[in-house]
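Below is one structure, written out as structure tokens, with a few remarks after it.
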Amino acid sequence: IKLQSPLFTNLFTDEFRFVQHLFEKENHELRFCGGAVRDLLLGKAPHDLDLATTATPTEMIEMFRKNDVRLICENGWSHGTVTCRVEEQNFEITTLRIDRVTDGRRALVEYTKDWYLDASRRDLTCNSLFLTMSGNVIDYFNGISDVKDKKVRFVGDPALRIQEDYLRILRYFRFFGRLKEEPAIPDESTLQEITKYGSGLGGVAGERKWVEFTMILNGRLLVLIMKMMYRCGILKQLGLPEQVDLEEFENVYNRSKHFSPNHMTLLTSILKDKTDLDHFMSVIKCSRYEYNVAKFIIEHRALYRPDKDMISVYVDLLVDSYKQDKNLVNVFMELMKYIGQADIMDYFTHFNIPTFPLKGGILKERFGMKGKPVGIAINFAFQKWKESRYKLDSEALLQLIENN
Ligand SMILES: *[C@@H]1O[C@H](CO)[C@@H](O)[C@H](O)[C@H]1NC(C)=O
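To convert, note that position 119 of the sequence shown is 1438 in the numbering used here; the numbers rise steadily by one, no gaps.
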């Protein structure tokens, strides 16, 4: 098929035409590939402009340098991707390649001029399409009809493709979330292959798994995908407990989704305790912030009582946390999203955190205090301040210290 829609013609900005012209002049073929083609077929404006070419990285670098085009992201060059920047637009261009040796984790790259070979090393049919500059879609593996029918399929034999790179299991689920519409029926034979080879994910670096997994957690159809991954037995490979309560996951998902929770907030619903979290952390090296979110929720989620007015309990928690570390405010808000009560969320969205009015210095000035008694007096005053619901000012607190 041939694309002529405005979405397609809009790709040809002045910046892009300039790049296109350089490739033409040197007789290198250039085509759109991957997500851009998929989006255009679905009638959406592509958000990434991925390009593929017969030029090698060395040829591209030389060509761009000769024409004073800025190059960025030099670390992509060794696996064939050159990114150039024209005005404010980046173009990521990858040399056609074959993945020669795969041990299930990484591939030795060999460049080629054969579009078919490049398409056949790609993981999913919906990602194996090319689009020429004149609008022809090049489709070797029924990618067009899979995109239109919203089918997520491996290119060729799923068992082989998974064993070449086990991370493809997670990519399968990620694109399932991207492409499918409800009711999204999974393909049983693919799930069987994933179940069969799922343990191979255990050998993939935690960082790589987390990149894919966070995209799944931030994507569509999440509850369904978590159920599929659970059925396939791969949660263990993601550092999660083998037995999890996915109904609790769905509950937390349902009540927090209006508040844009962090992905870690959702995931914490299936971590029972800090032991689960530390195990997760040892497999998936998540960020300090993500860890802190999960830890805070695990420590404090049991406070919640549906029959009690929770506002003052949470105000105390917030003031205490803020005193400990100002950065805990965002973490505290994640707990509120996890609890998922609209009135409580609303209260804290417009809440000014009371700040403790006393500093140690003033005690020295006023009473000549120093050393340990200062800490004791401060703690005493903090308690009194809290009991007053954060109303006492510094003068009143100094009075209390003096009289004590
Ligand atoms: C979550 O919300 C969906 C859609 O509204 C609903 O079908 C499902 O039953 C809810 N799940 C739970 C556990 O409440």
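We put the beta carbon where it would ideally sit given N, CA and C, even for glycine.
Item to check | Alpha-carbon to alpha-carbon, aspartate 1465 and glycine 1521 | outcome: Approximately 30 Å between the Cα atoms of the pair.
Next on the checklist: Count Cβ pairs between the stretch 1648 to 1665 and the stretch 1562 to 1582 that sit closer than 8 Å; are there 3 or more?
Outcome noted: With the rule of 3 Cβ pairs closer than 8 Å, the stretch 1648 to 1665 counts as touching the stretch 1562 to 1582.
Next on the checklist: Strictly by DSSP, which residues pair up with arginine 1404?
Outcome noted: Bridge partners of arginine 1404: Arg1389 and Asn1409.
Checklist entry - First and last residue of the alpha helix (DSSP H) that includes alanine 1355? => result Here the alpha helix (DSSP H) through alanine 1355 covers 1354 to 1360.
Item to check | Assigned exposure category for aspartate 1442 - 16 Cβ within 10 Å defines buried | outcome: Flag for aspartate 1442 reads buried.
Item to check | heavy atom of ligand 1 below 7 Å from glutamate 1566 C-beta | outcome: Yes, the Cβ of glutamate 1566 comes within 7 Å of a heavy atom of ligand 1.
Item to check | With 16 other Cβ atoms within 10 Å as the buried cut-off, status of valine 1530 | outcome: Its Cβ having fewer than 16 others within 10 Å, valine 1530 is exposed.
Next on the checklist: Between Glu1512, Met1534, Val1638 and Arg1440, which has its C-alpha nearest glycine 1496's C-alpha?
Outcome noted: Comparing Cα-Cα distances from glycine 1496 to each of Glu1512, Met1534, Val1638 and Arg1440, the minimum goes to Met1534.
Checklist entry - If you follow the beta strand (DSSP E) that threonine 1372 is part of, which residue opens it and which one closes it? => result Where threonine 1372 is concerned, the enclosing beta strand (DSSP E) stretches over 1369 to 1372.
Next on the checklist: For tryptophan 1434 and leucine 1415, which I take to be in contact (beta-carbon distance under 8 Å), what is that distance rounded to the nearest angstrom?
Outcome noted: 6 Å between Cβ atoms; contact.
Item to check | Rounded separation between tyrosine 1608 and methionine 1652 - CA only | outcome: Roughly 13 Å separates the two Cα atoms.
Next on the checklist: Measuring straight from C-alpha to C-alpha, what distance separates leucine 1326 and arginine 1350?
Outcome noted: Each residue's alpha carbon lies about 16 Å from the other.
Next on the checklist: Do lysine 1528 and proline 1560 count as a contact pair if the criterion is CB distance below 8 Å?
Outcome noted: The answer is no: Cβ separation not under 8 Å.
Checklist entry - From what residue to what residue does the alpha helix (DSSP H) around leucine 1479 run? => result DSSP places leucine 1479 inside the alpha helix (DSSP H), whose first and last residues are 1477 to 1483.
Item to check | Inter-residue spacing [alpha-carbon to alpha-carbon] between arginine 1487 and asparagine 1537 | outcome: Spanning the two alpha carbons is a distance of roughly 18 Å.
Next on the checklist: Could you compute how far the alpha carbon of valine 1650 sits from the alpha carbon of alanine 1371?
Outcome noted: Their Cα atoms are separated by approximately 42 Å.
Next on the checklist: Please report the straight-line C-alpha distance between glutamate 1567 and valine 1428, rounded to a whole angstrom.
Outcome noted: So the alpha carbons of these two residues sit roughly 44 Å apart.
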